[in-house]
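A.B. asks:
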Amino acid sequence: MDVWEAIRKKRAVRVFKSEPLPDEAVTRILEAGRRSQSSKNTQPWDFIAIRDRNQLQKVSELGNWTGHVAGAALCVAIVVPTSQSGQDVDWKHMFDAGQAASYMQLAALEIGVGSCLGTIYKQEDARQVLSLPADKTVHIVISFGYPAEQPETPPKKGGRRPLSEVVHWDRW
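Quick note: the sequence shown uses my numbering, first residue 68, plus one each step.
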């Protein structure tokens, strides 16, 4: 599958088969995240790869819309440094984490593995569940697994705004 086809066909998969992912698939997904770009090549991320059913259930309860994590074969929590300014998050690191997430999702799609992003809102609970050190935080998790059903391409509802509505040339 070429990159454009992957971008065009990528859909959020929230319901997974109970089948585990082979180690080779997990390694490929994690390697894609590791190889993603980062600001000044700082590579600020660490990944927590979660396969344990009890741990998946706990992580699924850390966000408002992260229930899909409980049924996944794998969840990857993208951990980044906390902000030096005292704020919860350094947006530069979040941008880098987003790139790692995108690379992982596209690599997964290529090998027939579905995925869905989730946002972690309960930071103190996440710190406990994931045993995070004080200088680390997590806001992004990704569930991975074989899709229980094939998502439609393109979806019946929604879709994307036309390019002519999104792009502004040279100025607003």
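Think of the CB as a built atom: it goes at the ideal place given N, C-alpha and C, for glycine as much as any other residue. These numbers were taken from a predicted model, which means no experiment stands behind them.
Quick one: grab the DSSP three-state call for Val-80.
C.D. replies: It is coil, neither helix nor strand.
A.B. asks: Flag this pair as yes or no: are the beta carbons of Leu-184 and Ile-145 separated by less than 7 Å?
C.D. replies: Ile-145 is positioned such that its CB atom lies no closer than 7 Å to that of Leu-184.
A.B. asks: Cβ atoms of Ser-182 and Ala-240: under 7 Å apart, would you say?
C.D. replies: What the structure shows of the chain is the stretch from 68 to 239, and residue 240 is not part of that stretch, so it cannot be assessed.
A.B. asks: Flag this pair as yes or no: are the beta carbons of Lys-84 and Val-196 separated by less than 7 Å?
C.D. replies: Pairing Lys-84 with Val-196 gives a Cβ-Cβ distance that is not under 7 Å.
A.B. asks: Roughly how many whole angstroms lie between the Cα atoms of Asn-121 and Glu-86?
C.D. replies: 16 Å
A.B. asks: Just the Cα atoms here: how many angstroms apart are Val-136 and Arg-81?
C.D. replies: 8 Å
A.B. asks: Cutting at 7 Å between CB atoms, please list the residues of its own chain near Ala-215, excluding the five before and the five after it.
C.D. replies: Val-82, Phe-83 and Lys-84, listed in sequence order.
A.B. asks: What three-state label does DSSP hand Ser-106 in the structure shown?
C.D. replies: helix
A.B. asks: So the beta strand (DSSP E) Asp-113 belongs to, where does it begin and stop?
C.D. replies: 113 to 117
A.B. asks: Compute the Euclidean distance between the alpha carbons of Val-205 and Val-234, then round it to the nearest angstrom.
C.D. replies: 32 Å
A.B. asks: Along the chain, where does the beta strand (DSSP E) containing Gly-185 start, and where does it finish?
C.D. replies: 181 to 186
A.B. asks: In this structure, does DSSP put His-135 in helix, strand or coil?
C.D. replies: helix
A.B. asks: Would you mind sorting Met-68 into buried or exposed? The rule is 16 or more other CB atoms within 10 Å of its CB.
C.D. replies: Exposed: under 16 other Cβ atoms inside 10 Å.
A.B. asks: What residue does the alpha helix (DSSP H) around Ile-96 start on, and which one ends it?
C.D. replies: Annotation for Ile-96: the continuous alpha helix (DSSP H) segment containing it runs 90 to 101.
A.B. asks: Please report the Cβ distance between Leu-88 and Ala-116, rounded to the nearest whole angstrom; I am assuming they are in contact, meaning their Cβ atoms lie under 8 Å.
C.D. replies: Your pair Leu-88 and Ala-116 does not check out as a contact, with CB atoms roughly 10 Å apart and the cut at 8 Å.
A.B. asks: With a CB to CB cut of under 7 Å and the five nearest residues on each side skipped, what residues in its chain are close to Asn-131?
C.D. replies: Counting only Cβ-Cβ distances below 7 Å, and skipping sequence neighbours, we find Tyr-188.
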